[in-house]
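Here's the structure, in structure tokens; my notes come after.
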Amino acid sequence: MENGRIRATAIGLSAVLMWATLGVFGAGSGAVPPFLLNALCFGISGSLAVIWLACSGRLGLLRQPLRVWIFGTVGLFGFHFFYFTAIRNAPPVEANLINYTWPLLIVLFSAFLPGEKLRAHHLLGTVLGLGGAALLISGGDGVRFSGSHAIGYGAAVASSLFWSSYSVLSRRLGKVPTEAVAGFCLMTAVLSALCHLMLEQTVWPDEGREWASVAALALFPVGLAFFTWDIGVKRGDIQVLGAAAYSAPLLSTLLLIAFGFGALTLSVLIACLAITLGAVIAAKDMIFAKANRGRNGV
0 MENGRIRATA IGLSAVLMWA TLGVFGAGSG AVPPFLLNAL CFGISGSLAV
50 IWLACSGRLG LLRQPLRVWI FGTVGLFGFH FFYFTAIRNA PPVEANLINY
100 TWPLLIVLFS AFLPGEKLRA HHLLGTVLGL GGAALLISGG DGVRFSGSHA
150 IGYGAAVASS LFWSSYSVLS RRLGKVPTEA VAGFCLMTAV LSALCHLMLE
200 QTVWPDEGRE WASVAALALF PVGLAFFTWD IGVKRGDIQV LGAAAYSAPL
250 LSTLLLIAFG FGALTLSVLI ACLAITLGAV IAAKDMIFAK ANRGRNGV
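Going by numbering that gives the first Met the number 0, the residue at position 260 of the sequence shown is 259; the numbering climbs one at a time, nothing skipped.
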């Protein structure tokens, strides 16, 4: 059982690695507006997943109760809707900082799950990660919240609550197969397309490189990542996943620096240390359990 939990956690962590590529691929997608980009990516990823299910004879796994469809669609679409609303109505630094409280909320909310216990090192590791993310997002310049951006801040809080609640409550729907995420992706694509038609001006990717970036987004951070995250939060160590999620903005920043979109600064190095240390502290139980099994020859 413990080996299965570690394996599921590792699979869930792959989602964090894929989300780290959002910055690079997003920058490469050109001037495509966010809801249209969302519709394209979720439409591609959902369609490919459905085709794969049909070819493997498992299309019937999409037959789920209405409450499951509502839960999955509201979780995926709700998070993106409120996140886009936040960055449109508040400064991106503050909006992103508020939004990135979702890993901390996952760790806190997990205490209410059957069989889970919230310990001091989980909180310490996650708070260290939050501090590192705050330093990374603000660039060490601090943040200045203004009442004039209350709508944006409220939307950022909502996006954080939507994703943390979706992640934790997925554990309560453990019998729902991960393959059902394909349907959630397609419904999110439809709702995103409607929002695009109502709120945005259409701008398509205008060259092969931009379409390639859209395809990469659809395949990995806005595709496969949601499937592997589902496995992780349902069967893995959800506190470790929550704390480790703070490595996504760090890895994204390092990738942007590597591709020439940023510079390596002292604040990035300190954030790197804080986030890495926080993840190790939060995963203390899992790391030492694995080490002890190795020493005992298990």
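Using N, Cα and C, we set each Cβ at its ideal position, and we do this for glycine too. In this text the structure is predicted, and so the values were computed from the model without any measurement.
Asked: Identify, in the order they occur along the chain, each residue of the same chain with its Cβ nearer than 8 angstroms to the Cβ of Gln200, setting aside the five sequence neighbours on each side.; Found: Pro32
Asked: My assumption, with CB atoms under 8 angstroms, is that Leu127 sits in contact with Ile280. Please give the rounded CB distance.; Found: 7 angstroms
Asked: Would you kindly report the start and end of the unbroken alpha helix (DSSP H) that includes Arg87?; Found: 65 to 88
Asked: Residues in its own chain within less than 6 angstroms of Glu209 by CB, not counting five upstream and five downstream?; Found: Ser28, Gly29
Asked: Measuring alpha carbon to alpha carbon, tell me which residue in Gly71, Leu96, Val180 is nearest Gly130.; Found: Leu96
Asked: Ser266 and Leu135 look like a contact to me (Cβ under 8 angstroms); what is the Cβ gap, rounded to whole Å?; Found: 7 angstroms
Asked: What does the alpha-carbon distance come out to for the pair Pro176 and Val232?; Found: 13 angstroms
Asked: Buried or exposed, going by whether 16 or more other CB atoms sit within 10 Å of the CB of Pro113?; Found: exposed
Asked: May I have the straight-line CA-CA distance separating Ala300 from Met17, to the nearest angstrom?; Found: The structure shown has nothing for residue 300, since the chain only spans 0 to 297.
Asked: Taking the straight line between their C-alpha atoms, what separation do you get for Cys194 and Leu185?; Found: 14 angstroms
Asked: Please say whether Gly77 and Ala161 have beta carbons closer to each other than 8 angstroms?; Found: The amino acid occupying residue 161 in the given sequence is Phe; Ala does not appear at that position. It is a contact, given that the beta carbons lie within the stated cut-off.
Asked: Would the beta-carbon of Asn37 fall within 8 angstroms of that of Ser191?; Found: yes
Asked: On the criterion of 16 or more Cβ atoms from any shown chain inside 10 Å, does Leu268 qualify as buried, or is it exposed?; Found: exposed
Asked: Please return the same chain residues whose Cβ sits closer than 7 angstroms to the Cβ of Phe83, not counting the five positions on each side in sequence.; Found: Pro33, Phe34
Asked: Mark Cys40 as exposed unless 16 or more other C-beta atoms lie within 10 angstroms of its C-beta, in which case mark it buried.; Found: buried
Asked: Around the C-beta of Gly182, are 16 or more other C-beta atoms found within 10 angstroms, so that it is buried, or is it exposed?; Found: buried
Asked: Cα separation between Pro102 and Leu21?; Found: 17 angstroms
Asked: Taking all protein chains shown into account, do 16 or more other C-beta atoms lie within 10 angstroms of the C-beta of Cys271, making it buried, or fewer, making it exposed?; Found: buried
Asked: Would you check if the distance between the CB atom of Glu93 and the CB atom of Tyr152 is smaller than 8 angstroms?; Found: yes
Asked: Excluding the five sequence neighbours on either side, which residues of its own chain have a C-beta within less than 6 angstroms of the C-beta of His120, listed in chain order?; Found: Ile280, Lys283
Asked: If you follow the alpha helix (DSSP H) that Gln238 is part of, which residue opens it and which one closes it?; Found: 237 to 243
Asked: Where do the N-terminal and C-terminal ends of the alpha helix (DSSP H) with Pro248 fall, by residue?; Found: 246 to 257
Asked: With distance defined between alpha-carbon atoms, name the residue in Gly207, Thr100, Val106 nearest to Ala154.; Found: Thr100
Asked: Locate the alpha helix (DSSP H) running through Ser109, then write down its first and last residues.; Found: Element bounds for Ser109: n/a, residue is neither H nor E.
Asked: Reducing DSSP to helix, strand and coil, say where Gly131 ends up.; Found: helix
Asked: So, helix, strand or coil for Leu16, using DSSP?; Found: helix
Asked: When you compare each of Thr227, Arg57, Asn88 to Ser145 by their alpha carbons, which one comes out closest?; Found: Asn88
Asked: Pull up the distance between the alpha-carbon of Arg4 and that of Phe226, whole angstroms please.; Found: 16 angstroms
Asked: On the three-state DSSP scale, how would you describe Arg6?; Found: helix
Asked: Just how far apart, CA to CA, sit Val189 and Ile43?; Found: 12 angstroms
Asked: According to DSSP, is Ser159 helix, strand or coil?; Found: helix
Asked: Output the boundary residues of the alpha helix (DSSP H) element that contains His195.; Found: 180 to 198
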